[in-house]
Structure formats: structure tokens, C-alpha cells
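Have a look at the structure below, then the notes.
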Amino acid sequence: MSDTYKGSERRNREIERFEIIVIGSGPAGHKATIQAAKAGKRVLLIERETDVGGACVHRGTIPSKTLRETALAFTAFDAKTSGMFPVALREDLEVASLMTRMEDVIRAHERFMSEQLRRNGARKIHGRARFLDARTVEIETVQGERRRASGDVIVIATGSRPRTPADVPVDHDKILDSDSLLSMTWLPRSLVVLGAGVIACEYATIFAALGTKVTMVDKGPRPLGFLDSEIVDLFVTAFTRAGGIYLGGRKHAKVAWDGVEHVVTTLDDGTELRSDRLLCCLGRVANVDGLDLAAAGLAVNDRGVIPVDANCRTSVPHIYAVGDVIGPPSLASSSMEQGRRAVCDALGIELSHGSETIPAGIYTIPEMSQVGLTDLETIKKYGGCLVGRARFEELARGQISAIQDGLLKLVADPGGKHVLGIQIVGEGACELIHVGQMALINDFGVDGFVDNIFNFPTLAEAYRVAALDIVKQRNKLFPVADATPAVGTPAVAVEPAPHKPS
Amino acid sequence: MVDGVKTSACSGSVAETVERFRSHFLSRIRGAKFELPLLPEAANRVMQVAGDENADARKLAEVIRSDASLAGHVLRIANSAIYAPTTPIVSLQQAISRLGMNKIREIALVIATQTKVFKVAGYDAQVRAIFKHSIAAAAYSQEIARLRRWNVEDAFLTGLLHDTGKPVLLQLLVEVQKELKLGVEVGIVDDLLEQMHAGVGSRLVESWKLPERLAETIAYHHRPHEAPTTTQAAMTLNLADELAHLAVGPREVTEESLRTHPMLEPLNVYRDELDGLLKHKEMVKSMAEAVL
Numbered sequence: 000m001s002d003t004y005k006g007s008e009r010r011n012r013e014i015e016r017f018e019i020i021v022i023g024s025g026p027a028g029h030k031a032t033i034q035a036a037k038a039g040k041r042v043l044l045i046e047r048e049t050d051v052g053g054a055c056v057h058r059g060t061i062p063s064k065t066l067r068e069t070a071l072a073f074t075a076f077d078a079k080t081s082g083m084f085p086v087a088l089r090e091d092l093e094v095a096s097l098m099t100r101m102e103d104v105i106r107a108h109e110r111f112m113s114e115q116l117r118r119n120g121a122r123k124i125h126g127r128a129r130f131l132d133a134r135t136v137e138i139e140t141v142q143g144e145r146r147r148a149s150g151d152v153i154v155i156a157t158g159s160r161p162r163t164p165a166d167v168p169v170d171h172d173k174i175l176d177s178d179s180l181l182s183m184t185w186l187p188r189s190l191v192v193l194g195a196g197v198i199a200c201e202y203a204t205i206f207a208a209l210g211t212k213v214t215m216v217d218k219g220p221r222p223l224g225f226l227d228s229e230i231v232d233l234f235v236t237a238f239t240r241a242g243g244i245y246l247g248g249r250k251h252a253k254v255a256w257d258g259v260e261h262v263v264t265t266l267d268d269g270t271e272l273r274s275d276r277l278l279c280c281l282g283r284v285a286n287v288d289g290l291d292l293a294a295a296g297l298a299v300n301d302r303g304v305i306p307v308d309a310n311c312r313t314s315v316p317h318i319y320a321v322g323d324v325i326g327p328p329s330l331a332s333s334s335m336e337q338g339r340r341a342v343c344d345a346l347g348i349e350l351s352h353g354s355e356t357i358p359a360g361i362y363t364i365p366e367m368s369q370v371g372l373t374d375l376e377t378i379k380k381y382g383g384c385l386v387g388r389a390r391f392e393e394l395a396r397g398q399i400s401a402i403q404d405g406l407l408k409l410v411a412d413p414g415g416k417h418v419l420g421i422q423i424v425g426e427g428a429c430e431l432i433h434v435g436q437m438a439l440i441n442d443f444g445v446d447g448f449v450d451n452i453f454n455f456p457t458l459a460e461a462y463r464v465a466a467l468d469i470v471k472q473r474n475k476l477f478p479v480a481d482a483t484p485a486v487g488t489p490a491v492a493v494e495p496a497p498h499k500p501s
Numbered sequence: 000m001v002d003g004v005k006t007s008a009c010s011g012s013v014a015e016t017v018e019r020f021r022s023h024f025l026s027r028i029r030g031a032k033f034e035l036p037l038l039p040e041a042a043n044r045v046m047q048v049a050g051d052e053n054a055d056a057r058k059l060a061e062v063i064r065s066d067a068s069l070a071g072h073v074l075r076i077a078n079s080a081i082y083a084p085t086t087p088i089v090s091l092q093q094a095i096s097r098l099g100m101n102k103i104r105e106i107a108l109v110i111a112t113q114t115k116v117f118k119v120a121g122y123d124a125q126v127r128a129i130f131k132h133s134i135a136a137a138a139y140s141q142e143i144a145r146l147r148r149w150n151v152e153d154a155f156l157t158g159l160l161h162d163t164g165k166p167v168l169l170q171l172l173v174e175v176q177k178e179l180k181l182g183v184e185v186g187i188v189d190d191l192l193e194q195m196h197a198g199v200g201s202r203l204v205e206s207w208k209l210p211e212r213l214a215e216t217i218a219y220h221h222r223p224h225e226a227p228t229t230t231q232a233a234m235t236l237n238l239a240d241e242l243a244h245l246a247v248g249p250r251e252v253t254e255e256s257l258r259t260h261p262m263l264e265p266l267n268v269y270r271d272e273l274d275g276l277l278k279h280k281e282m283v284k285s286m287a288e289a290v291l
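So the sequences go chain by chain: A and B.
Numbering that gives the first Met the number 0 puts the first sequence at residues 0 to 501.
Numbering that gives the first Met the number 0 puts the second sequence at residues 0 to 291.
Structure representation (C-alpha cells):
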């Protein structure tokens, strides 16, 4: 036996072998690990934080939704009791006291995730991973120890963090990002939010509901550019009614703490905003620092994310990347599915064709959700469309629950037969969307909503009302039902009805 | 003052004397006669003004000006190396703009407590060392909080106030020594201070009507895992305490011992992040020296 061989044996012994290594335990990494373990594979999960769950559990989705529940309870109480019992928050209210349940919610979720890992026999190491080559990673523990592990398949699920532009001096004290926002002691009297993406809008509306004077600044003419504009306009109306201000078409020129009591934000049009605190929500960046992707033969693209194919495979065939680290849609829901798909693909487990109908749920106040095509996208694709609308205030449940600003849009093909998309704004939108999503996936058809009975009084009735709206338009356009053209057949282009604010 | 360096037992063995002293001391602390010092008037007013939404820098400057020693300290800190002013700061209003209302509030609190309440005859050097250490702990505590995205403001305050129990205990020790007509060895004084300062400091902070969570953090800063609701903050303070000893003392701590500090793992502070904190040493030192 040669010395070289013995040396190599020793090195091999030092490297622990796994069939699958997953880096990161957020929604994507956790699901990838569980899928691998369920398939009976020897799997290692590497997590840099003390607890599993990633930013979703500890810094983003779960904490913000917990605060939102409090804000919602506060506003709903007033609306549902018609202001009979005036409620007001104390001026010196501490943010922590609004989130007393948060720690319990996080612990419960974290416990559930850890238990699931344990039950499925997945191994977890607390440490930071770095590629040594395409098959080997080095793990550095908090104590500074280093160990190595090799994997037949490696899944990168390291997530993302808030982007800090060089000209916004985020100090996590007065000028915060979405990771530090909820560490504030006092509920601020005023808050400037830079950006108008999902996170910006969620926090802007939560704080507005709690009585903070919120000003959102963004270069877009309206927030959430990827959503149906009619839905967003209703959302902006609600935000404005709650005391919020949306300053579109503008950008910050300078942000500074005045050293006394205000953050001063100067906009490119010269407007000067003074606020107790500022929230910087100008996008997120993929967590790839320290991974040494180059050692694995990988690189990020010009958007700073790891490019992958439809099954999340990178340019190195046995390495996959899932979740925020590969860019949009960056939703916890889609990340979980990516994690599962990546591992199934790697292990040759048969997959149904990937669903393109991923719903987007935005937990603003009011909620917004959409799935499938918008009216404009349908017109572009099929040359026209029919849109059915149902306003929540016209539904018995909407009235009973005092829901304002609720709208469900059912988008159908130009012939008014097939459902192609649904957009909803209003409380319950993120749950309600799934009825439409199932109809969409199974081509249930517009008439299915008319011919079937819904519970009364419910918000789900909105589907029936919107479907009836389409049938009415269809009968007008095509008096003989059989003559309606099929999907894709050029038809009379029907412009979506202009939105009339109620 | 009673010479606190040597034990001068009147009768019986040394051990008996120490025990007599200890039980008398403890009964004083537990008894109704033990009064916590009030927050000095100037600090009280500064805190009120800084927390008042209608107050402006001018009003705060007026309050500070009413206490000459406080005004002098604030100007000195504003002109110190940490804030590196390009032109000298000569007015209190300028100083307030540079440091911020909250920082002024914190500085006022520590300086006022130091200058008015905690003058312990014979223990000047020890009290000064405690305050210097507290400023350094405040600076480190806020840096750890920033790193972990926890509350920076609370972290600074708990760092600043974590050892306020010590001067209070020192004052009591002086009184008890007088009452019993005996001196106690430095080692025993230090032991008592170490054992009791967290609890007394916490009671003090509570009596000043500062938030309950700050009192809890201070009470548990030497046994953070037992803190009922503020474990993270108490762990932060525990590590900041040790870093402050490294930067300005008084206890001697080595970088090597910090690298195996038991709080690094639960706080999830990796090696490079600890190196980042250690790099602040000179800045923290100059900040602590500027205050004193």
C-alpha cells in the first residue's frame, strides 16, 4: 500500500459521505431535506443559524403575519362594532407588546419543523457551509471547528437578505430593514417606507392600521407592478383611507438621521420627508457570500442569483438551487415546491409536469392574491377576454363582516367559457384564491361556478357572482350559446371594463 | 473612611467576623431601611424632555445647561474622537444634533448617576472603573444587537446600567463597616459585589421606572439562560460585559478566553463576527475615556 494511497484513505475518512446535502433550512431547504429523507436517503442539513426555519420563520413571514393579526383585530373590531366601542392604542405602545404571541408562534413552528426532521431521520449540523469542490463542502461551526462532508447531490437553499443600497445608511436603530424593523421598541408615530414591493406594502399597511403615519416612496406609478392594476388601485384606496400616502414616480436622493429626532428623506423632486423611523425595502439579495460557488464551478448571473432549469438544476448537474437564491417568485410556497421538485428530479422520482399556476398571496391590509392570467395578459395571448367582477360589499358575508374594498375578478377567454385567471383584493383573499386555483387547473369552466351551490353567506359566493357577470356579457355577445369560440380562436376583442371605484 | 483593605476583627476568628459582617450586610439589603438612590433631578428632567414628542433640541439644551457638570460632559463627549467633529462643537445644541436626543438621554443618565448618587468615599477609583466599564459594555452591547438585528436602543441602555448595583452596594458597605466598626478585606468586598450587584442593579432600574424588561435583563446578566423573558438580551449583555472587560477592564480578560465564551454559540456569533466586534476595541476605549 503506497503512502499516497494511505494519505488519501485518511482524507476520505475525514470526509463524511452523504447521498444528499442541503444547505439552508428555510422553506425550500426544509422541504428538500424531508423529501430526501422520506426517499430513504442519507441526508445532511446544514444551517448557519441556531434554529431551523430560515428568514421565513425568524425574520419575515411568520413574525410579520403575527403583527398583522394584531393590527387586523384592532381595525376589524372598530369596523364590526360600527365604532360603538371606541378603541385607541396608547401613544407609548411598545412594538413587542403587540407581538406577545410571536415568540410562541415561532417556537411552535420551529419545533414542528425540527420534529419533522428528527422523525424522518435527517441529520442537522449547525454551521456555515463553503464549497471546497463540486462534491465537497466544509462546515465551520460557531466554535470555529471545521469539518468536511461530501454529497452525491447538493441542494443550495441559502435564501436571501434585504438589500442595502450604498446611499441608505441602515443602522438597524433609526433606519431599518425588514430584518430589524420588528426590533423597534416604540410604535413609531411616522414611518417612511422606501420601495413598494410585497414586503414594503405588507409593513406599510400593518403600521398604518396601527395608527402610524406611513409614507411609501417608489419609482413605480403604483405599488406591486406585477399585480393586476385594478386590484392594486383598490388596495391604494384602502391604504390612503388608513392615513397612508403613496408617493409614486419618485426616488430617494438622500437619507440621513438628523441627529436629534427624525430621519430626513430627501426625494429626487426635492420633497423632504421627516419621520421617526425609515424602513428600507429596496429588494433582496441572494445569500451566496461565503459559499465559494466558484469552487463548485458555479456562478451567479447578472441579477445576482444562481441560474437553474425548470427542475432547479444548476449548470453543475448534481447541484441544485432552490428558493430565494434563484430569484423570483421568492414565495415561501413556491420555494417549498422547488425544494421537493429538486430532490425528486435528482433521485429520479417521477414528477407531474410543473404547475405554472402558482398563486401569489400578499398579506397586506386588505389582502391581495392572484393566480393565472390577468385581463391584459389574456388579451395579449388570446386577443380578448371577458372579465366578471364581484364586489364584496355586494355580498351578504361582506356586509356582515364589514369588509370594504373587496373585489374578485374572474378572467375568462374571449368566448367566456374557460377560467384563465383570478385576482382578489379583500380580507380572506389568500384563502379564497385556492377555490379559483383548483377550477383553473382542472378547467372547471365559468359555468361550473353558476351551476353549483355555494354556502350562504360566504365570500366564496363572489365566484358565482363573477361567473354570472361573465355569462351575462357572453349572452349579450353571443346570443346562441353554441356559437361561442374556443380558447385561442381569434374572437372579438373585448376590452376589460374600466374600473369604477365604488 | 474605614480602611477596607485589612480585616480588623474586634473579637473572635476572622471567619466569624466575616460572617457577622455578611449577615448584617444582607439584613440591611433585605430590610426596609435600605433605600435605593433616587434618579438625580437633572437626569430625570433630561429623560423626560428627551422622551417628550413636543420637545426639541433647544429645550433639551436648556435642561442640560442647568447642570454645569452635565453640560461639560456632554460637550466633551461630542468633541471626542468617536464623533470626530470637523469643527469644534461649542454649543450644547450642536452637541445634541451630533449625538442625537436618545444618546444624550443615555449619557445624561450615566453621568448624572455617576456624579450625584454614586460618590462613594474611599472607593473613587473603583467607581470610576465601574462606569468606564459600563460605557464600554453599552457600546459592545449595541454592536451585538445590531449584528443580530435585535433592539439596539435597549441593548445600549442595559449595557450602561448593568453594574449600577455595584456603587450602591459599595455605599452600603461603607455604612455597614462604620456601623460594625470593622474593615473588610477587598476580596470579600468584591465577592459581595459580584454576588449581589445584578439583583440590586435591577431593583434600582425598576425603582427609576425604566421598562421592566431592562430590569430583568440586568438581573439575569450573569445567568442569562434563567431569564424568564429576556434571554437573548441577557446573553447579549453577558458577552458585552466580557468584551468590555477586555477593552477597558477592570477585570483582565484575554482574547483567547473570549474565543471560547459560552455565549458565542447561543448568540450564533461566528469567528469572523467576533473578530469584527474585537476590532471596535479602540473605538470603545476612546468612547469610555471620553465620558470620564
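Even for Gly, the Cβ is constructed at its ideal location relative to N, Cα and C.
Assuming the contact rule is C-beta atoms closer than 8 Å, I134 of chain B and L159 of chain B should be a hit. Round their C-beta distance to whole Å, please.
Sure, about 7 Å apart at Cβ, within 8 Å.
Checking contacts by CB at 8 Å: is N150 of chain B closer than that to chain A?
Yes, its Cβ sits closer than 8 Å to a Cβ of chain A.
Within 10 angstroms of the Cβ of A492 of chain A, are there 16 or more other Cβ atoms? Answer buried if so, exposed if not.
Here the model assigns A492 of chain A a pLDDT of 43, short of 50, so the residue's position is not dependable, and the following value carries that caveat. The residue is exposed, with fewer than 16 neighbouring Cβ atoms inside 10 Å.
Do we get a CB-CB distance below 8 Å when we pair Y219 of chain B with the residues of chain A?
Chain A contact via Cβ: absent.
Compare the C-beta of R222 of chain B against all C-beta atoms of chain A and say whether one is closer than 8 Å.
The C-beta of R222 of chain B comes no closer than 8 Å to any C-beta of chain A.
If you measure from the beta carbon of Y122 of chain B to each beta carbon in chain A, is any gap under 8 Å?
No, its Cβ sits nowhere closer than 8 Å to a Cβ of chain A.
Can you grab the Cα-Cα spacing for the pair G382 of chain A / V263 of chain A, in whole Å?
Roughly 48 Å separates the two Cα atoms.
Buried or exposed, going by whether 16 or more other CB atoms sit within 10 Å of the CB of E18 of chain B?
Burial call: exposed.
Compute the Euclidean distance between the alpha carbons of P265 of chain B and T49 of chain A, then round it to the nearest angstrom.
Answer to the nearest angstrom: the Cα atoms are 7 Å apart.
For H108 of chain A, decide whether its Cβ has a neighbour in chain B, counting only Cβ atoms nearer than 8 Å.
Taking Cβ atoms only, chain B never reaches closer than 8 Å to H108 of chain A, which makes this a no.
Measure the beta-carbon distance from F155 of chain B to Q141 of chain B and round it to whole angstroms, keeping in mind my assumption that it falls under 8 Å.
With 8 Å as the limit, F155 of chain B and Q141 of chain B qualify as a contact, their Cβ atoms being about 4 Å apart.
Minimum Cβ-Cβ distance from V141 of chain A to chain B less than 8 Å
It does; some Cβ of chain B falls within 8 Å.
Shorter than 8 Å from the beta carbon of S182 of chain A to some beta carbon of chain B?
Yes, S182 of chain A counts as interfacial toward chain B.
Would you please state the rounded distance, in angstroms, between the beta carbons of V304 of chain A and V324 of chain A? I believe it to be under 8 Å.
About 6 Å separates the two Cβ atoms, so the contact holds.
Which same chain residues, not among the five before or five after E139 of chain A, have their C-beta less than 6 Å away from its C-beta?
Answer for E139 of chain A: G126, R127, R145, listed in chain order.
For chain B, check one thing: does any of its Cβ atoms lie closer than 8 Å to the Cβ of D468 of chain A?
At least 8 Å separates the CB of D468 of chain A from every CB of chain B.
Which of helix, strand or coil DSSP assigns to N11 of chain A:
Here N11 of chain A scores only 47 on pLDDT, less than 50, and its place in the model is too uncertain to base an answer on.
Do we get a CB-CB distance below 8 Å when we pair S179 of chain A with the residues of chain B?
Closer than 8 Å to some Cβ of chain B, the Cβ of S179 of chain A qualifies, so yes.
Using a Cβ-Cβ cutoff of less than 7 Å, which residues in the same chain neighbour R75 of chain B once the five nearest sequence positions on both sides are dropped?
Same-chain partners within the cutoff: A289.
Pairs of beta-carbons, one from the region 309-324 of chain A and one from the region 19-33 of chain A, closer than 8 Å: are there three or more?
These segments touch.
How is R222 of chain B classed by DSSP in three states: helix, strand or coil?
Secondary structure of R222 of chain B (DSSP, three-state): coil.
At 9 Å on the CB atoms, spell out the chain A contacts of R145 of chain B, in chain order.
D170, H171, D172, S179, listed in chain order.
Provide the residue span of the alpha helix (DSSP H) that contains E264 of chain B, from first to last.
Taken as a continuous stretch (DSSP letters only), the alpha helix (DSSP H) holding E264 of chain B covers 263-266.
Which runs of the beta strand (DSSP E), 3 residues or longer, sit entirely within the region 230-278 of chain A?
DSSP runs (the beta strand (DSSP E)) wholly in the region 230-278 of chain A: 244-246, 251-256, 262-266, 271-274.
Shortest alpha-carbon distance to A411 of chain A belongs to which of A:F448, A:L180, A:I348?
With distances taken between CA atoms, A411 of chain A lies nearest to A:F448 out of A:F448, A:L180, A:I348.
With DSSP run on the structure shown, which of helix, strand or coil describes T163 of chain A?
Three-state result, T163 of chain A: coil.
What residue range does the alpha helix (DSSP H) around R340 of chain A cover?
It spans 331-346 - the alpha helix (DSSP H) in which R340 of chain A sits, taken as one unbroken run.
Exposure label - A14 of chain B; buried when at least 16 CB within 10 Å:
The residue is exposed, with fewer than 16 neighbouring Cβ atoms inside 10 Å.
Using the Cα positions of T6 of chain B and M195 of chain B, report the straight-line distance between them to the nearest angstrom.
Interpretation of T6 of chain B is limited by its pLDDT of 42, a score under 50 that renders its predicted location unreliable; no figure is taken from the coordinates.
Pair within 8 Å by beta-carbon distance, G194 of chain A and G23 of chain A:
Their beta carbons are not under 8 Å apart, which means G194 of chain A does not touch G23 of chain A by this criterion.
Taking the straight line between their C-alpha atoms, what separation do you get for E18 of chain A and A121 of chain A?
A straight-line Cα-Cα distance of about 11 Å links E18 of chain A and A121 of chain A.
Verify the CB distance criterion: does Y269 of chain B have a CB-CB separation below 8 Å to chain A?
True, the Cβ-Cβ gap to chain A drops below 8 Å.
Taking 8 Å as the threshold (beta carbon to beta carbon), is L238 of chain B in contact with chain A?
Cβ-Cβ to chain A under 8 Å: no for L238 of chain B.
Considering only DSSP beta bridges, list what M367 of chain A is partnered with.
Partner(s): A:I361, A:V424.
Alpha carbon to alpha carbon, what distance is there between V254 of chain A and N474 of chain A?
Each residue's alpha carbon lies about 57 Å from the other.
Reference R148 of chain B; option with closest CA among A:T184, A:P328, A:A148, A:L116
It is A:T184 whose Cα lies nearest to the Cα of R148 of chain B.
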